[in-house]
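Going by the numbering used here, the first residue of the sequence shown is number 442, and it counts up by one from there. First the structure, in the form of structure tokens, and then the observations on it.
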Amino acid sequence: MGAVEYVRWGVDALSRAFRLDARIRSVQATYLSEVFEADEVDIAVAGLKQGYLINFNVTRLKEGLQSLVL
Numbered sequence: 442m443g444a445v446e447y448v449r450w451g452v453d454a455l456s457r458a459f460r461l462d463a464r465i466r467s468v469q470a471t472y473l474s475e476v477f478e479a480d481e482v483d484i485a486v487a488g489l490k491q492g493y494l495i496n497f498n499v500t501r502l503k504e505g506l507q508s509l510v511l
């Protein structure tokens, strides 16, 4: 997977899990290693909603070219 694919994958996971309707202003990604089939990936997001800091965490399982929210 390329860097853009990781970001798209993460945004898709969060949108499905939390029904996010906010506009994304920036993305920071830290890559520790390549993701292989059956690997679990933790995705964490922080942001402001009505002046309050909110945090989301999603774990995804990679299966082939797709991923599943756990």
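Just so you know, even glycine gets a beta-carbon here, dropped at the ideal spot from N, CA and C.
Is GLY488 helix, strand or coil when you go by DSSP? Residue numbering aside, residue 488 sits at position 47 when the sequence shown is read from its first letter. It is a strand residue.
Distance between beta carbons of ASP483 and ALA500, contact taken as under 8 Å: The residue you call residue 500 lines up with position 59 of the sequence shown. The residue you call residue 483 lines up with position 42 of the sequence shown. Going by the sequence as given, residue 500 is Thr instead of Ala. So it is a contact: roughly 5 Å between Cβ atoms.
What's the gap between the Cα of VAL468 and the Cα of ASN496? As a first step, residue 468 must be located in the sequence shown, where it is residue number 27. As a first step, residue 496 must be located in the sequence shown, where it is residue number 55. Rounded to the nearest angstrom, the two C-alpha atoms are 14 Å apart.
Length of the line joining the Cα atoms of GLN491 and ALA479: Locating residue 491 in the sequence shown gives position 50, where the first residue counts as 1. Locating residue 479 in the sequence shown gives position 38, where the first residue counts as 1. Spanning the two alpha carbons is a distance of roughly 37 Å.
Do ALA487 and LEU494 come within 8 Å of each other at the CB atom, strictly closer than that value? By one-based count along the sequence shown, residue 494 stands at place 53. By one-based count along the sequence shown, residue 487 stands at place 46. One thing to note: LEU494 has its Cβ within 8 Å of the Cβ of ALA487.
Starting from GLU475, follow its DSSP beta bridges and name the residues at the other end. Within the sequence shown, residue 475 is the residue found at index 34, counting from 1. For GLU475, which the question treats as bridged, DSSP gives no partner whatsoever.
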